[in-house]
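Numbering (the working numbering), first residue to last: -3 to 496.
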């Protein structure tokens, strides 16, 4: 009897284990079914998207924009030559030091960009036909003199490895005769790259008195800002970052007035200086920053605007809901299908663009930078696909869905920057101040377009500086959180919508 009792109790003790096993098997089966359903929906959507005329049109736009942009920027990078900032400045003054009839002598002064004398600079004086007249070396105070020079001549200067070539001395005898009268103020103006930004858009003026000594404290007015300023302790006045134009300067000292002018031939606003493309990595970053952020959201809108709304309108959503899978799985399959359909041609065309950059610049972008660019761009695409899928889920018509997508693209691409500017004004931050940049960069983390730009800068081998006001990990965290939040939101919205 006891044996029978024990045998009857055994199944009861084992019952929870059996139920747990059955529950585990049920969970595994459900997971497999949902995974299979996701893959089937994704595969169906990928094929449908890749075959659609809409995708063909979007790809033509993408190819034309991105590849032509890569070709254009790569050509600029191939032609780029880095300007060499002057290691010294050469000043030439026509004077009369040998007391003959004409002021046909030349005082040469060599200084650094602050006006401090630099000696031991070799000065070679040539006739315009290339004949060498004379060669001198500046003394310890940076001066040397050439007597009875020809009015049609030029000079070359060098010290160490730095050479300044073909500096005209004077052009006509008429100009020389203009110095016949006794001068009380000698002024020379020249344009150079004084701030070492690779653009010769700065002006330097060296002022000498009648004894050919530097004049500190001379008043200089005119130029770009029109304010009155003074020469420094070496008799030098400097003005930086002028725009292309002719500028007139008035120099006053002891009631003696002299006028000179300078012409700026290129400035920071020239496109080659704005972009400053020095290699294939710069080309790739500029192409991404100017074209990818504009075209990829449009492609995401064009592919995903009717992902859900089309199913609702055609009533095919009923067929999807009849499958033995959850609503979240359906939404996930739709998302993966749209993203993959975009990611495949985007990756291929981007790699073709990298090939064009390599061909034009004779140098390939860094492999790690290319890989990072592709990953970041695909995540950027995923964010806009999710946004559009959300609109497609909520909208009653495909027209409403596409209008919502275009609106959010315009908001992040254009209006978000204006909002940041307005917020800075409201809190009292001066335009382009440190506080302005700090707040702007923090607010930009809420924009996928701006965060994409931050990430490209951070992974670029040629840039790599963390934007002021934020930490280096903030853009990656913002990007990741944005993707995760939108993914969960798109799944939950689809799950809660009534379709039947």
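Backbone N, C-alpha and C define an ideal beta-carbon position, used for all residues, glycine too.
Check	Outcome
Secondary structure at residue 245, three-state DSSP: helix, strand or coil?	strand
Could you tell me which of 224, 490, 227 sits nearest to residue 387, measuring between CA atoms?	490
Might you give, ordered along the chain, the residues of its own chain that have their beta carbon closer than 6 Å to the beta carbon of residue 109, omitting 5 neighbours on each side?	190
For residue 429, count the other beta carbons within 10 Å of its own beta carbon; 16 or more makes it buried, fewer makes it exposed. Which is it?	exposed
Alpha carbons only, please: which of 328, 230, 243 is nearest the one belonging to residue 106?	230
Compute the distance between the beta-carbons of residue 365 and residue 457, then report whether it is under 7 Å.	yes
So, for residue 474: in the same chain, excluding its five sequence neighbours on each side, which residues have a beta-carbon less than 6 Å away from its beta-carbon?	441, 447
Any chance the segment 153 to 167 sits against the segment 233 to 253, with 3 or more Cβ pairs inside 8 Å?	no
Measure from the alpha carbon of residue 220 to the alpha carbon of each residue in 203, 199, 214, 212, then state which is nearest.	199
Tell me, please, which residues DSSP counts as bridged to residue 254.	247
Tell me which same chain residues have a C-beta within less than 7 Å of the C-beta of residue 499, skipping the five on either side of it?	Because the chain here runs from -3 to 496, residue 499 falls outside it and cannot be looked at.
State the Cα-Cα distance for the pair residue 405 and residue 385, rounded to the nearest angstrom.	14 Å
On the criterion of 16 or more Cβ atoms from any shown chain inside 10 Å, does residue 245 qualify as buried, or is it exposed?	buried
What residues in its chain sit with their C-beta under 6 Å from that of residue 43, if we drop five residues either side in the sequence?	none
Which residues in the same chain have their Cβ closer than 8 Å to the Cβ of residue 482, if we skip the five residues on either side of it in sequence?	379, 382, 383, 386
Express the C-alpha separation of residue 148 and residue 170 in angstroms, rounding to a whole number.	Unreliable positioning characterises residue 170 in this predicted model, as indicated by a pLDDT of 49, which lies under 50. The coordinate reading is nonetheless provided below. Their Cα atoms are separated by approximately 12 Å.
Would residue 452 pass as an interface residue toward chain D - the criterion being a Cβ-Cβ separation below 7 Å?	No chain D is part of this structure, which consists of one protein chain only.
For residue 114, which residues from the same chain have a beta carbon less than 7 Å from its beta carbon, with the 5 sequence-adjacent residues on both sides left out?	84, 106, 107, 108, 138
Indicate whether residue 282 and residue 69 have their beta-carbon atoms separated by less than 7 Å.	yes
Which same chain residues, not among the five before or five after residue 212, have their C-beta less than 8 Å away from its C-beta?	226, 227, 228, 229, 230, 231
Count the other CB atoms, across all protein chains shown, that sit within 10 Å of the CB of residue 393; report buried if there are 16 or more and exposed otherwise.	exposed
Taking 8 Å as the threshold, find out whether the segment 353 to 365 comes into contact with the segment 53 to 60 through three or more Cβ pairs.	no
Helix, strand or coil: which one does DSSP assign to residue 421?	helix
For the beta strand (DSSP E) that contains residue 188, what are its first and last residues?	181 to 188
In terms of residues, what are the limits of the beta strand (DSSP E) holding residue 141?	139 to 142
Between residue 284 and residue 369, which are expected to be in contact by the criterion C-beta below 8 Å, what is the C-beta distance as a whole number of angstroms?	6 Å
To the nearest angstrom, report how far apart residue 182 and residue 205 are at their CA atoms.	6 Å
With 16 as the cutoff for other CB atoms within 10 Å, does residue 123 come out buried or exposed?	exposed
Excluding five sequence neighbours on each side, which residues of the same chain lie with their C-beta closer than 7 Å to the C-beta of residue 150?	122, 124, 162, 163, 164, 165
Does residue 170 come out as helix, strand or coil in the three-state DSSP assignment?	At residue 170 the pLDDT is 49, less than 50, meaning the model places this residue with poor confidence; the figure from the coordinates comes in the next sentence. If DSSP states are grouped into helix, strand and coil, residue 170 belongs with the helices.
When DSSP builds the beta bridges, which residues end up paired with residue 259?	242
Considering only residues of the same chain and omitting the five flanking positions on each side of residue 333, which have a CB-CB separation below 6 Å?	38, 41, 42
Would you mind working out which of 33, 86, 45 sits nearest residue 296, comparing C-alpha positions?	45
Quick check on the DSSP output: what are the complete alpha helix (DSSP H) runs of length 4 or more inside the segment 45 to 92, in order along the chain?	49 to 58, 64 to 75
Quick check on residue 153: does DSSP put it in helix, strand or coil?	strand
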